[in-house]
Amino acid sequence: MDHLWAPWRLSYVAAAKTPAEDDPCFICKGLSEHDDRGNLIPLRTPQSVVMLNRFPYNNGHLLIAPRAHKGNLSDLSADELLEVMETLRRMVSVLNRLMHPDGYNIGLNLGRAAGAGLPGHLHWHVVPRWHGDTNFMPLVGDTKVIVQSLDALYELLATNLEGV
0 MDHLWAPWRL SYVAAAKTPA EDDPCFICKG LSEHDDRGNL IPLRTPQSVV MLNRFPYNNG
60 HLLIAPRAHK GNLSDLSADE LLEVMETLRR MVSVLNRLMH PDGYNIGLNL GRAAGAGLPG
120 HLHWHVVPRW HGDTNFMPLV GDTKVIVQSL DALYELLATN LEGV
């Protein structure tokens, strides 16, 4: 029998808990520090941020959020919402050019009941998809195969964001 090792998932699985309302926000924590590579932030704009999902559903899984810690759409100013959407559009363009996906799942989990793991800070998930990217592993092994490391994805995005 072959074994597929995914040690980066252990910290997520071992710490699986419902975050309390007063738990630190990983988006705000990353924004407050000056280690964009360590915090998986390939892009900051004046009012938005792009982060690699530390526990991706698929290759290229990004989170796009307003820089301000806001948990409701109605809390965002028109300028904040516009910039987040422009950043989302920009990142889809970059992923199209670099990874050539066949489609995307793009969504916002608004509130804990809708699946938001970080309900206090709005963030959109951008998940590239390819025809046939769902294989037997999730069905029989409860395992998802991610073929690119977060370091490699960060490097790919960080070095290709100029002029987009």
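If you count by numbering that gives the first Met the number 0, then the sequence shown holds residues 0 to 163, one letter each, in order. Even glycine gets a Cβ: it sits at the ideal position worked out from N, Cα and C. All figures in this text were calculated on a predicted structure; none of them were measured in a lab.
Within the same chain, and ignoring the five residues on either side of A112 in sequence, no residue has its Cβ closer than 8 Å to its Cβ.
Between N52 and L61 the beta-carbon gap is near 7 Å, inside 8 Å, which marks them as a contact.
A direct Cα-to-Cα measurement between R88 and W123 gives close to 12 Å.
When secondary structure is reduced to three states using DSSP, P6 falls in the helix class. Counting C-beta atoms within 10 angstroms of its own C-beta, A151 has fewer than 16 neighbours from the protein chains shown and is therefore classed as exposed.
Sorting P6, H120, I145 and N159 by C-alpha distance to the C-alpha of A64 places H120 at the top.
In chain order, N38, I40 and M50 place their CB closer than 7 Å to the CB of G29, counting only its own chain and leaving out the 5 sequence neighbours on each side. M84 counts as exposed, since fewer than 16 other C-beta atoms from the protein chains shown sit within 10 angstroms of its C-beta.
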